[in-house]
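Structure first, commentary second.
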Amino acid sequence: MKHFASWLSSCSVVCLIACFVPGSLAAQAQSSAPPAAQKPPAPTNSKPATHPAADSALLHPGELKAKAPDVYEATFTTTKGDFVVQVTRSWAPNEADRFYNLVKHGYFNGVEFFRVVPGFVVQFGLTGSPAVNKAWENANIKDDPVTQTNAEGTITFAQTTVPNSRSTQVFINLVNNAGLDHSGQGFAPFGQITSGMDVVKNLYGGYQEAPTNHQEEITNEGNAYLEKNFPKLDSIKSAKITSPVPAPAATHKAPPAQ
């Protein structure tokens, strides 16, 4: 589903979404080779070789309906550093609950920032797993009214022009985008970046809108498509609820064998 894409194509303002720019890695000289059984540590900003093993509950969106706390924080560790999102449920309850469940069950782990437009927004929310993408493709939530402006640093669910089309894709406003508040746009912020906005603004934006035109391929092929065609994209290494600390997520139990 091409969230936000149809509006952007006709918009005269600067295009949406940017990507992380992986930091260059300095080679570390060694006086001698390490023992054969020992491997050098992976660089801190390297991407996972594949999409991390997902919580099996992510294949069953209808079961992930936990109510979010009134205020909570989610910490994202990325290939460029960390940023923290503070969510206020009263701003947009449906979005706050959906985001809470996605983060709690590891949906964003391994997700790439496929759309980055400097001076506008950063967008993400398609996973590296085709099976998970398909499970959530039409798992939409009801629209929330706009109670907050799309100010710099706020985070908002993306949507199409069709009502109630918000699912898993979100964007972070890199500047004040109050034009997204109004009737006909109606993008409702549900939280804000409280630390690490410099990390968000430093994501690689060289591809700009190019990956956005291939959301079907990303959905069907996952990170394999992005790594082949847009290898400079930055990604989320992990995302977790860090305040208040949630109870352990229940794992989905498979039905007994017949």
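Sequential numbering of the sequence shown, starting at 6, is according to the numbering used here. Don't be surprised by glycine CBs; every beta carbon is placed ideally from N, CA and C. It should be emphasised that the depicted structure is a prediction, and the values quoted were computed from it without experimental measurement.
Query raised in the report: What residue from Q91, V89, N143, E226 has the CA that sits closest to P66's CA?
Result: Position 61 of the sequence shown, counted from the first residue, corresponds to residue 66. Per the Cα distances, N143.
Requested in this report: Please name the residue in G130, V204, S95 whose C-alpha comes closest to that of G86.
Outcome: As a first step, residue 86 is located in the sequence shown; it is residue number 81 there, counting from the start. When only C-alpha atoms are compared, the closest one is V204.
**Report entry** Length-filtered (3 minimum) beta strand (DSSP E) runs lying within the stretch 53-125
**Finding:** 76-83, 86-93, 120-122
**Report entry** Nonlocal neighbours in the same chain, by C-beta distance under 6 Å from V116, ignoring five residues either side
**Finding:** On the sequence shown, position 111 is the one that residue 116 refers to. For V116, where only same-chain residues beyond five positions count, the Cβ hits under 6 Å are F129, T132, I241.
Query raised in the report: Is any beta-carbon of chain C found at less than 9 Å from that of T159?
Result: The structure shown contains no chain C; it holds only a single protein chain.
Query raised in the report: Start and end of the alpha helix (DSSP H) containing I246?
Result: Position 241 of the sequence shown, counting from 1, holds the residue named residue 246. From DSSP, I246 is part of no alpha helix (DSSP H) but of the beta strand (DSSP E) over 241-248.
**Report entry** Identity of the residue in I160, Q220, E214 nearest V89 by Cα
**Finding:** Here residue 89 corresponds to residue number 84 of the sequence shown, with the count starting at 1. Nearest C-alpha to V89: I160.
Query raised in the report: When we look at the beta-carbon of P172 and count the other beta-carbons within 10 Å, is it buried (16 or more) or exposed?
Result: Start at 1 with the first residue of the sequence shown, and residue 172 comes out as number 167. Per the sequence shown, the amino acid found at residue 172 is Ser instead of Pro. S172 should be labelled buried.
Query raised in the report: What's the C-alpha gap between A101 and N234?
Result: Sequence index remark: in the sequence shown, residue 101 carries index 96 (1-based). Sequence index remark: in the sequence shown, residue 234 carries index 229 (1-based). A101 and N234: Cα-Cα distance of roughly 33 Å.
Requested in this report: Would you identify the three-state DSSP class for G210, choosing helix, strand or coil?
Outcome: Position 205 of the sequence shown holds residue 210. In this structure, G210 counts as coil in the three-state DSSP scheme.
Query raised in the report: If you pair each beta-carbon of the stretch 179-189 with each one of the stretch 215-224, do three or more pairs fall below 8 Å?
Result: no
Query raised in the report: Can you name the start and end residues of the beta strand (DSSP E) that P194 belongs to?
Result: The sequence position of residue 194 within the sequence shown is 189, counting from 1. Per DSSP, P194 belongs to the beta strand (DSSP E) from 194-200.
Query raised in the report: Comparing alpha-carbon positions, which option in L63, V180, L69, N138 lies nearest K206?
Result: Taking the sequence shown and counting its residues from 1, the one referred to as residue 206 is at position 201. Per the Cα distances, V180.
Report task. Identify the continuous beta strand (DSSP E) that holds I223 and give its terminal residues. Result -> Taking the sequence shown and counting its residues from 1, one reaches residue 223 at position 218. Where I223 is concerned, there is no enclosing beta strand (DSSP E), although the alpha helix (DSSP H) it sits in stretches over 220-226.
Query raised in the report: On the premise that Q153 lies in contact with P194, defined as a C-beta separation below 8 Å, what is that separation, rounded to the nearest angstrom?
Result: As a working mapping, residue 194 is identified with position 189 in the sequence shown. As a working mapping, residue 153 is identified with position 148 in the sequence shown. 4 Å between Cβ atoms; contact.
Query raised in the report: When DSSP labels each residue in this structure, what does P251 get in the three-state scheme?
Result: Position 246 of the sequence shown, counted from the first residue, corresponds to residue 251. Reduced to three states, the DSSP call for P251 is coil.
Requested in this report: Grab me the residues of P135's own chain with a C-beta within less than 8 Å of its C-beta, minus the 5 sequence neighbours each way, in chain order.
Outcome: Looking up residue 135 in the sequence shown gives position 130. Within the same chain, P135 has close Cβ partners T224, N225, E226, G227.
Report task. Tell me where the alpha helix (DSSP H) around V137 begins and ends. Result -> For the purposes of this step, residue 137 is identified with residue 132 of the sequence shown, where counting begins at 1. Note, V137: alpha helix (DSSP H), 135-141.
Report task. Can you give me the Cβ contacts of V175 inside the same chain, cut-off strictly under 8 Å, excluding the 5 residues immediately before and after it? Result -> Against the sequence shown, residue 175 aligns to sequence position 170. Answer for V175: F104, Q128, F129, G130, I160, T161, F162, A163, listed in chain order.
Query - Same chain only: Cβ atoms within 6 Å of E78, ignoring 5 sequence neighbours per side - result: For the purposes of this step, residue 78 is identified with residue 73 of the sequence shown, where counting begins at 1. Excluding residues within five positions, the ones whose Cβ falls inside 6 Å are V89, Q91, T247, S248.
Requested in this report: Below 7 Å CB to CB, which residues in the same chain sit around L69 once its five sequence neighbours on both sides are set aside?
Outcome: Taking the sequence shown and counting its residues from 1, one reaches residue 69 at position 64. So the list reads A62, N106, H110, once near-sequence residues are dropped.
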